[in-house]
């Protein structure tokens, strides 16, 4: 039995993914910070911080649970700075002959993975109420595919806010009640603030270079 | 950012904001970025929270009498409805969906989208809040920055790349249908039955921006006129052939046609003068991502 490498992308930080729950004991989990994913558009610094922080914490969580994890940091010398190339490099290094990855959230990566050959194996993303195939079945044969119809179908299927087959409150849609304008007398709750934490103190030089403020990013991206 | 923090945010939302979420879900504030919104999309989109646990927590709060049905339903509609729906559309319609530009919009991104330095108060505040928080709520995205881009004819590539870059919750599967389809109507009405175009009147009704603005939202022409007003008619006139047959647009074309020709001309001249002065930047996406917007 061969040992698989399991690539976890930055927006796949869920322990419930099939690719993790079905992982054999000797699987190698890979999380990779690569510059290619940070540079095709100049992401907001807070978005980059959030993603890197969440990835680093998630890697620690997986290690605590006993998974073997390889974490490629942005400033690792041997980082290939491309998700697929980095995974293939690690597969060689750890003698993994299969690379498993959950269906990515972007066509660009999905298509590249499919072109990559038989070593790569895609797992469905099980984190949605409606799978890609189930959505296709819902669409098939429909002249119009409006959100409202899909939503009612999903309410019935999941039973969310349903009372004996009828929508809770006697109607599907409360948009009419939900259009109040701003009012000066309103008092808004203060959201919790999260402090920056230890994994971000290892802040890589790359992100300092590419992101300071939105306007600086725009200047950098257009070369002016 | 950890799952524990995200669960804390969820609990906070349920305890303090959900009760008023529905009623004020479309309101816009000049000072308050979050209002009663949950801002859970980023945590959900990177996998720290599941849509199931979020929806179930909201349903439980409603069952316990801690949230009214209009709040629970309005919230669950966003997750179980819109979020799942746009993901389904994305995977059924890609890669062609990203190449759609049915309104033939060619303008670059208004340069002030990067810094908020504009005298249109609603845009200035939406962009400043975006800059400060990597977040804006859905009505700011749809009816302020989105609506303005729609009215000006900003290209899908230029606007989509901006949304993808500036919002912490933006990943292409959710950003593209919302921006290209819902906001810019570039898919020809596949997602929405009519474009979400609006004049300054809508923004004035839902927000308290206009009282802080140097423009007069009640005027359509003249130096002090709110630019949204003339741009709105300019948009409708530009796309008359495509939109005039739409049942939901008939009334509004009726009002336009009833105006005196000299009035209509003055409005279009006003909008053209504004568009001529608008400083824009070309799309800046790179590599295969940028290539994805082009037809092959």
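Protein chains in written order, with this note's numbering: chain A, 1181 to 1404; chain W, 1495 to 1790.
Every residue gets a Cβ at the ideal spot worked out from N, C-alpha and C, and that includes glycine.
No experiment lies behind these values; they were computed from the predicted model shown.
ask   = Given residue 1710 of chain W, which residues of its chain have a CB within under 6 Å of its CB, disregarding the five upstream and five downstream residues?
value = Taking C-beta separations shorter than 6 Å and ignoring five residues to either side along the sequence, the partners of residue 1710 of chain W in its chain run 1718, following chain order.
ask   = With distances taken from CA atoms, which of W/1550, W/1509, W/1705, W/1642 is nearest residue 1560 of chain W?
value = Taking only the C-alpha atoms, the option nearest residue 1560 of chain W is W/1509.
message = Comparing C-alpha positions only, which one of A/1185, A/1338, A/1192, A/1220 sits nearest to residue 1779 of chain W?
response = Nearest C-alpha to residue 1779 of chain W among A/1185, A/1338, A/1192, A/1220: A/1220.
query = Is it true that the region 1594-1608 of chain W meets the region 1643-1656 of chain W, where meeting means three or more beta-carbon pairs spaced less than 8 Å apart?
reply = Contact holds: three or more Cβ-Cβ distances are below 8 Å.
ask   = By the criterion of Cβ-Cβ separation under 8 Å, what are the contact partners of residue 1220 of chain A in chain W?
value = Going along chain W in sequence order, the residues near residue 1220 of chain A (Cβ under 8 Å) are 1779, 1780, 1781, 1782, 1783, 1784.
ask   = Exposed or buried, which one is residue 1516 of chain W when buried takes at least 16 other CB atoms within 10 Å?
value = The residue in question, residue 1516 of chain W, is buried, as its Cβ has 16 or more Cβ neighbours within 10 Å.
ask   = Are there three or more Cβ pairs, one per stretch, closer than 8 Å when the region 1244-1255 of chain A is compared with the region 1544-1551 of chain W?
value = No, the region 1244-1255 of chain A does not touch the region 1544-1551 of chain W.
message = Just to check my reading of the structure: residue 1540 of chain W and residue 1339 of chain A have Cβ atoms closer than 8 Å, yes? What is that Cβ distance to the nearest angstrom?
response = Actually they are not in contact, since the Cβ atoms of residue 1540 of chain W and residue 1339 of chain A sit about 27 Å apart, beyond 8 Å.
request  = Leaving aside the five residues before and after residue 1753 of chain W along the sequence, list all residues of the same chain whose C-beta is less than 7 Å from its C-beta, in chain order.
outcome  = Excluding sequence neighbours, residue 1753 of chain W sits near nothing in its chain.
request  = Return the residue from the list A/1332, A/1242, A/1263 that minimises the CA-CA distance to residue 1205 of chain A.
outcome  = With distances taken between Cα atoms, residue 1205 of chain A lies closest to A/1242.
request  = May I ask you to report which of helix, strand or coil DSSP gives residue 1213 of chain A?
outcome  = Residue 1213 of chain A: coil per DSSP, three-state reduction.
ask   = Can you tell me whether residue 1218 of chain A is buried or exposed, with buried defined as 16 or more other CB within 10 angstroms of its CB?
value = When all chains shown are included, residue 1218 of chain A counts as buried.
inquiry  = If distances are taken between C-alpha atoms only, which option among W/1619, W/1571, W/1626 comes closest to residue 1701 of chain W?
reply    = Considering only alpha carbons, the answer is W/1619.
message = Excluding the 5 residues flanking residue 1211 of chain A on each side, which residues of the same chain have their C-beta closer than 6 Å to its C-beta?
response = Residues of the same chain with a CB within less than 6 Å of the CB of residue 1211 of chain A, apart from the 5 flanking positions on each side, are 1188, 1235, 1239, 1251 in chain order.
request  = Under 8 Å Cβ to Cβ from residue 1383 of chain A, same chain only, skipping five residues before and after it: list those, please.
outcome  = Below a pLDDT of 50, predicted positions are generally treated as unreliable, and residue 1383 of chain A, at 45, falls in that range; the measurement from the model is reported next regardless. Excluding positions up to five away in sequence, the list is empty.
key: Contact check, residue 1354 of chain A vs residue 1553 of chain W, beta carbons under 7 Å   = No; because the gap between Cβ atoms is not below 7 Å, this pair is not in contact.
ask   = Hey, does residue 1676 of chain W have any beta-carbon neighbour from chain A nearer than 7 Å?
value = Contacts with chain A at 7 Å (Cβ-Cβ) do not include residue 1676 of chain W.
inquiry  = Considering only the alpha carbon of each residue, which of W/1532, W/1677, W/1695 lies closest to residue 1687 of chain W?
reply    = The residue with the shortest Cα to Cα distance from residue 1687 of chain W is W/1677.
request  = Determine the DSSP secondary structure at residue 1184 of chain A, reduced to helix, strand or coil.
outcome  = In the three-state reduction of the DSSP assignment, residue 1184 of chain A falls in the strand class.
request  = May I have the straight-line CA-CA distance separating residue 1186 of chain A from residue 1747 of chain W, to the nearest angstrom?
outcome  = If I take the Cα positions, the gap works out to 56 Å.
request  = For residue 1712 of chain W, count neighbouring C-beta atoms within 10 Å of its own C-beta (all shown protein chains included) and say buried if the count is 16 or more, exposed if not.
outcome  = In this structure residue 1712 of chain W is exposed. Its beta-carbon is surrounded by fewer than 16 other beta-carbon atoms within 10 angstroms.
request  = Residues of the region 1294-1308 of chain A with a CB closer than 7 Å to any CB of chain W: list them in chain order, please.
outcome  = Going along the region 1294-1308 of chain A in chain order, one finds 1307, 1308 with a Cβ nearer than 7 Å to chain W.
query = Going along the chain, which residues of its own chain have a beta-carbon closer than 7 Å to the beta-carbon of residue 1551 of chain W, five neighbours each way excluded?
reply = 1504, 1508, listed in sequence order.
key: Interface flag, residue 1359 of chain A vs chain W, CB-CB below 7 Å   = Chain W has a Cβ within less than 7 Å of the Cβ of residue 1359 of chain A.
ask   = Cα separation between residue 1485 of chain W and residue 1759 of chain W?
value = There is simply no residue 1485 of chain W to check, as chain W begins at 1495 and stops at 1790 in what is shown.
key: Where the region 1514-1527 of chain W meets chain A: residues whose CB sits under 7 Å from a CB there   = Those would be 1516, 1517, 1518, 1519, 1520, 1521, 1522, 1523, 1526, in chain order.
query = Can you name the start and end residues of the alpha helix (DSSP H) that residue 1705 of chain W belongs to?
reply = For residue 1705 of chain W, there is no enclosing alpha helix (DSSP H), as DSSP gives it neither H nor E.
ask   = With C-beta atoms as the reference, is residue 1280 of chain A less than 7 Å away from residue 1214 of chain A?
value = Cβ atoms of residue 1280 of chain A and residue 1214 of chain A: not closer than 7 Å.
ask   = With a CB to CB cut of under 7 Å and the five nearest residues on each side skipped, what residues in its chain are close to residue 1461 of chain W?
value = Residue coverage of chain W in this structure runs from 1495 to 1790, which leaves residue 1461 of chain W outside it and unanswerable.
ask   = So does the region 1225-1234 of chain A actually touch the region 1267-1275 of chain A, counting three or more Cβ pairs closer than 8 Å?
value = No: fewer than three Cβ pairs fall under 8 Å.
ask   = Along chain W, which residues have their Cβ under 7 Å away from the Cβ of residue 1372 of chain A?
value = Chain W residues near residue 1372 of chain A: 1502, 1503, 1506.
key: Proximity to residue 1224 of chain A [Cα-Cα], best of W/1612, W/1562, W/1628   = Out of W/1612, W/1562, W/1628, the CA that lies nearest to the CA of residue 1224 of chain A is found in W/1628.
query = For residue 1268 of chain A, which of A/1317, A/1216, A/1297, A/1357 has the nearest alpha-carbon?
reply = Selection A/1317, A/1216, A/1297, A/1357 evaluated against residue 1268 of chain A yields A/1297 as nearest (Cα-Cα).
task = Would you mind stating whether residue 1749 of chain W and residue 1723 of chain W have Cβ atoms separated by less than 7 Å?
result = No, these two residues do not count as a Cβ contact at 7 Å.
query = DSSP puts residue 1343 of chain A in a beta bridge; with which residues?
reply = Partner(s): A/1346.
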